[in-house]
Each structure stands twice: as structure tokens, then as C-alpha cells.
Amino acid sequence: MTDVGLFGPDSITWRVHREPFVSVGGLRSLYLQALHPRAVAGVEQNSRYRKDPWGRLARTSTYVTTVIYGTTEEAERAGRRVRALHARMTAVDRRTGERFRIDDPELLRWVHVTEVESFLTAVRRGGLRLTTAEADAYYAEQTRTAALVGLDPATVPASVAEVVEYYAAMQPSLELTVDSAATGVFLTVPPLPYGLGLTPVRGASLGISALAIGLLPSWARRLYGLPPLPGADGLTAVNSFVLGRLLRAVPVEWIESPARKRAMERLGLRD
């Protein structure tokens, strides 16, 4: 019997991650993650993302697509590598001087929830029609990816309502630190390769960043000190929907990941 992996073509996960607009959700999640003082400190003190942002992006993308579209063994192997990497890392909380582990379940859970919620929010705002039951199913499916990084799935929000409750519970512990602000600026104006920073690509990059910021929940925008703009949410909704529709018109074979191509061939879903 062919191994469909952790999810398979009939899953809500495959429907969500087929959408090109999901990448905007990935950027949105980074803005959210930076608001957790320890999460952002861990990245700042252990990552080379400032020197190699596009390399880190490519590695993260490869991990996500491997987990979604790879075989069960490929997904589990990717998870083992991530767990081993995190197990070796620590960082210092700049506010208290306390050293903490990167694989602290609270941090892993924050990264997981902000990531999957951002993916789901982006594609829904981009025009993918999902019922609440289907959105709940996506969160429930994604507890499998939480397990890969070392989380107990029972401790991970597994429905729309549970994610709302989780964010409400987390907000008192979130704040804009020096690391958060620096990360936010870097995400908004990242260095572009090959001299593209002096071309219209910079404008497109800023547009995508603005869209990701516009998709943030209102409480997150307030933490970043962003003033409410009249009609901003409506404009973001329109822009998201239009861009989502445009991207959906692109044949998926042109932009799909290598992992998805291999999965389609493995499952005999492509001639």
C-alpha cells in the first residue's frame, strides 16, 4: 500500500497548502512569533538568519513541504533533525538574565500555533472557502506536525475556538522588545539578493510585507505600535482576496514544491 504520509491528498492540510497565498501566512507568522520575548531571543541568539535570510527561508520551506507531502518516514526523519537541533540550543532572556532551552514546550507551542493559524488565516482571506468544521479539521491534523517537534499533541490547540482561547491566554506575556522591533524591521525590509534591492522587486517585497502586517490580529498590531488606519482591514481583505485569486489562476504545476511533485507521482495522481 502506498504511503500517503502524515496527511494525504484528501486532507484539509493538502487543500490549505496547495494555495500559493499560504506563503504570505508564513511571513505573518514570523511577525507574531517575534512578539514572544523568549521566542525572538532564541532566534536572535542561535540563528544566522540575518546573514543568510534566503537560505533560512529555503530550509524552513523544505521542512514544511517535506512534513506535509513526504512519506511518513521522511516526515519523521525531518522531525528528528529539528528536535536534535533544538535540544542543543539555549538562549538568555535579556529581561531577567535567565538561560532557557529552545525546546521549551511553551516556545515550541507558540511557534507551532502562530504558524498554522497564520497559514489558515492567509488562505481563507485569500479566497479559499473553508467551513468552521474544515478549519477545525486543519488544526486537528496539524497536531501531527506538533508531535514531530516534540510537543504532546494533547497540549496543542486543535480547533478554531481553542486557538482563540490560546491567543487570549498568551497576550499578557507578549511584548515588543528590542529584539522584536529589530526583527520586525528586518522582516519588512529584508536584504534582497543579486542587487534586486534597487529594482521594482523592492516595492513588491514591501507590498507583501504590508499585506502580512495587515493580516495580523488587531492586538498584535497594537503591540507593534501601529496606529489603526481607517479602512485598513477592508483594504487588506480586498488586496488579499484579489491576490489570492490571481495566484490561484497560475497552474499549480508551475509553482509547486519538489516535495509535492514527488508526492503526486508517488500516489499516481499525475500522468
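Residue numbers (full-length UniProt numbering): 1 to 271. Glycine included, every Cβ here is placed at the ideal spot set by N, Cα and C.
Residue 4 - DSSP class collapsed to helix/strand/coil: Here the question's residue 4 lines up with position 4 in the sequence shown. In the structure shown, residue 4 falls within a coil segment according to DSSP collapsed to helix, strand and coil.
For residue 92, the first and last residue of its enclosing beta strand (DSSP E): Position 92 of the sequence shown holds residue 92. Counted as a single uninterrupted DSSP element, the beta strand (DSSP E) harbouring residue 92 occupies residues 90-92.
Per DSSP, the bridge partner or partners of residue 100: Here residue 100 refers to the residue found at position 100 when the sequence shown is read from its first residue. Per DSSP, 91.
Residues near residue 177 in its chain [Cβ-Cβ closer than 6 Å; skip 5 each side]: Along the sequence shown, read from residue 1 onward, the residue named residue 177 stands at position 177. Closer than 6 Å at the Cβ level, and outside the excluded window around residue 177, lie 37.
Spatially closest choice to residue 85 from 108, 14, 263, by CA coordinates: The residue labelled residue 85 in the question sits at position 85 within the sequence shown. Nearest option by C-alpha distance: 108.
Given residue 122 as reference, the closest of 265, 213, 157 once Cα atoms are compared: Counting from one through the sequence shown, the residue named residue 122 turns up at place 122. Here the closest residue by C-alpha is 213.
DSSP-derived helix/strand/coil call for residue 36: Counting from one through the sequence shown, the residue named residue 36 turns up at place 36. Reduced to three states, the DSSP call for residue 36 is coil.
Backbone secondary structure at residue 16 - three-state DSSP: As a position in the sequence shown, residue 16 is number 16, starting the count at 1. The answer is helix: DSSP assigns residue 16 an H, G or I state.
Beta-carbon proximity list for residue 146, same chain, < 7 Å, skipping 5 on both sides: Taking the sequence shown and counting its residues from 1, one reaches residue 146 at position 146. 112, 153, 156.
In chain order, each beta strand (DSSP E) run of at least 3 residues that lies wholly inside the region 145-169: none
Buried or exposed by the 16-neighbour rule on C-beta atoms within 10 Å, applied to residue 165: As a first step, residue 165 must be located in the sequence shown, where it is residue number 165. Classification for residue 165: exposed.
Nearest-angstrom Cβ-Cβ length linking residue 90 and residue 5, presumed shorter than 8 Å: Along the sequence shown, read from residue 1 onward, the residue named residue 90 stands at position 90. Along the sequence shown, read from residue 1 onward, the residue named residue 5 stands at position 5. In fact, because the Cβ distance is near 32 Å, the residues do not count as touching under 8 Å.
C-beta atoms of residue 151 and residue 105 nearer than 9 Å: Residue numbering aside, residue 151 sits at position 151 when the sequence shown is read from its first letter. Residue numbering aside, residue 105 sits at position 105 when the sequence shown is read from its first letter. Yes. Within cutoff.
Residue 29 in three-state terms, based on DSSP: The residue you call residue 29 lines up with position 29 of the sequence shown. Of the three classes helix, strand and coil, the one that applies to residue 29 here is helix, per DSSP.
Cβ contact (3+ pairs, closer than 8 Å) linking the region 21-40 and the region 117-131: yes
Span of the alpha helix (DSSP H) around residue 261: Numbered from 1 along the sequence shown, position 261 holds the residue referred to as residue 261. Here the alpha helix (DSSP H) through residue 261 covers 258-266.
Alpha-carbon to alpha-carbon, residue 92 and residue 41: Along the sequence shown, one-based indexing puts residue 41 at 41. Along the sequence shown, one-based indexing puts residue 92 at 92. Residue 41 and residue 92: Cα-Cα distance of roughly 7 Å.
Backbone CA spacing between residue 52 and residue 60 [nearest angstrom]: For the purposes of this step, residue 52 is taken as residue 52 along the sequence shown, with counting starting at 1. For the purposes of this step, residue 60 is taken as residue 60 along the sequence shown, with counting starting at 1. Each residue's alpha carbon lies about 12 Å from the other.
Residue 66 - containing alpha helix (DSSP H), residue span: In the sequence shown, counting from the first residue as 1, residue 66 sits at position 66. Counted as a single uninterrupted DSSP element, the alpha helix (DSSP H) harbouring residue 66 occupies residues 53-69.
Residue 34 beta carbon less than 9 Å from that of residue 187: Here residue 187 refers to the residue found at position 187 of the sequence shown. Here residue 34 refers to the residue found at position 34 of the sequence shown. Yes; because the gap between Cβ atoms is below 9 Å, this pair is in contact.
Status (buried if at least 16 other CB within 10 Å, exposed otherwise) for residue 185: What you label residue 185 is simply residue 185 of the sequence shown in a count that begins at 1. Flag for residue 185 reads exposed.
Cβ neighbours of residue 11 in the same chain (closer than 7 Å, five flanking residues each side left out): Here the question's residue 11 lines up with position 11 in the sequence shown. Cβ neighbours of residue 11 beyond the five flanking positions: 141.
Cβ neighbours of residue 30 in the same chain (closer than 6 Å, five flanking residues each side left out): Taking the first residue of the sequence shown as 1, we reach residue 30 at position 30. Excluding residues within five positions, the ones whose Cβ falls inside 6 Å are 187.
Neighbourhood of residue 208 by C-beta, 8 Å cutoff - its chain only, sequence neighbours within 5 removed: Mapped onto the sequence shown, residue 208 falls at position 208. Cβ-Cβ distances below 8 Å link residue 208 to 24, 27 in the same chain, with the five nearest sequence neighbours on each side left out; the list follows chain order.
CA-to-CA distance, residue 143 to residue 159, given in whole angstroms: Looking up residue 159 in the sequence shown gives position 159. Looking up residue 143 in the sequence shown gives position 143. Between residue 159 and residue 143, the C-alpha separation is close to 10 Å.
When 19, 76, 97 are compared against residue 129, the one with the closest alpha-carbon: As a working note, residue 129 is residue 129 in the sequence shown. Per the Cα distances, 19.
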